[in-house]
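Here the structure comes first, spelled out in structure tokens, and everything after it is commentary.
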């Protein structure tokens with residue numbers, strides 16, 4: 029999973045998959061089965077969405093996603109021929125063959141829209157995907173993150189991702205004291221209004237955590253900063269802030285960052301344990 033932008037592009041055959049006409053036909057047959065049974069997202073799983081031929085073709089790519097490069101790009105879904113609900117059902121059904129859904133917030137949302145909800149990233153209760161703000165490199169709270177592009181914004185919206193393992197290796201060479209600090213420090217992270225009833229409004233976690241395979245990354249730097257609004261959270265030291273700045277600068281290294289401008293129908297899966305992702309600012313269509 030410790031790739032650079034150049035080495036990832038050189039191995040594109042291992043992580044890019046284009047749907048054939050037969051693949052699309054199988055997805056549409058599964059969609060018709062779901063519709064015939066009156067099912068809708070999120071009330072069905074992989075059993076109700078059978079795609080045995082496509083699942084077999086995707087098996088090596090799923091292995092690469094879980095234990096290898098950690099990226100999978102799927103293109104060729106003719107998303108404009110479907111209603112929004114049909115496209116969501118196909119995306120959900122396909123995703124059900126990769127793992128179990130995970131709630132994205134305390135409201136239990138399992139499939140969310142990345143649109144301008146008029147919220148500000150400065151609002152401590154807002155989530156980045158509800159705003160048009162440029163999002164710093166970060167990880168999400170599940171094993172995999174998946175994105176289906178229904179419609180691209182007329183301006184901006186470039187998706188960026190980077191290997192957190194390559195960032196770790198780069199910092200180990202250039203700033204070993206920072207790497208040690210990121211491994212050893214239990215940072216206070218803002219729940220931003222998503223804590224369970226009775227829980228503290230913040231929790232703790234390491235940016236890099238030791239695991240049997242090496243290290244895993246939990247990058248929520250903005251939430252570490254906003255946790256400082258809580259009076260019971262210890263204040264960040266000068267070295268804390270310097271270490272986080274060095275980490276963020278390395279995560280934006282042009283030689284490490286991959287940039288993608290998704291087109292309608294493009295699907296991207298990313299392994300959250302070993303990668304970070306971000307997004308440029310965007311402007312929605314007047315009629316989204």
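Numbering (my numbering), first residue to last: 29 to 316. From the three backbone atoms N, C-alpha and C, an ideal C-beta is built for every residue, glycine too.
The region 229-239 / the region 287-297 touching (three or more Cβ pairs under 8 Å): Output reads no: the region 287-297 does not touch the region 229-239.
C-beta neighbour in chain D for residue 229, strict 7 Å: In the displayed structure, chain D is absent; only one protein chain is listed.
Contacts around residue 109, its chain only, beta-carbon distance under 7 Å, and the 5 residues preceding and following it disregarded: Same-chain partners within the cutoff: there are none.
Backbone CA spacing between residue 205 and residue 181 [nearest angstrom]: A direct Cα-Cα distance of roughly 41 Å separates residue 205 from residue 181.
Chain-order list of residues whose beta-carbon lies under 8 Å from that of residue 214 (same chain, five-residue window excluded): The answer, listed in chain order, is 232, 233 and 234.
Whole-angstrom distance between residue 196 and residue 256, CA atom to CA atom: When rounded, the separation of the alpha-carbon atoms in residue 256 and residue 196 is 25 Å.
Stretch pair the region 185-192 + the region 297-309: three plus CB contacts closer than 8 Å: Using a Cβ-Cβ distance cut-off of 8 Å, the region 185-192 and the region 297-309 are in contact, since at least three pairs of beta carbons, one from each stretch, lie closer than that value.
Contact between the region 269-278 and the region 89-107 (3+ Cβ pairs under 8 Å): Not touching, per the Cβ criterion.
Environment of residue 55 [buried if 16+ CB atoms lie within 10 Å]: By the Cβ-count criterion, residue 55 is buried, with 16 or more other Cβ atoms from all chains shown falling within 10 Å of its own Cβ.
Buried versus exposed, by CB contacts within 10 Å (16 or more), residue 43: Classification of residue 43: buried, given that the 10 Å Cβ count is 16 or more.
Alpha-carbon spacing of residue 281 relative to residue 65, whole angstroms: Distance between the alpha carbons of residue 281 and residue 65: 49 Å.
Cβ shell of residue 31 (< 7 Å), same chain only, five flanking positions each side left out: Cβ neighbours of residue 31 beyond the five flanking positions: 97, 191 and 194.
Buried versus exposed call for residue 51 [16 or more other C-beta atoms within 10 Å across all chains shown]: Label assigned to residue 51: buried.
Which of helix, strand or coil DSSP assigns to residue 143: Residue 143: coil per DSSP, three-state reduction.
Same chain, Cβ closer than 8 Å to residue 178, neighbours up to 5 away in sequence not counted: The beta carbon of residue 178 is closer than 8 Å to those of 107, 112, 115 and 292 in its chain, skipping five residues each way along the sequence.
Cα-Cα separation between residue 246 and residue 311, rounded to whole angstroms: Between residue 246 and residue 311, the alpha-carbon positions lie close to 29 Å from each other.
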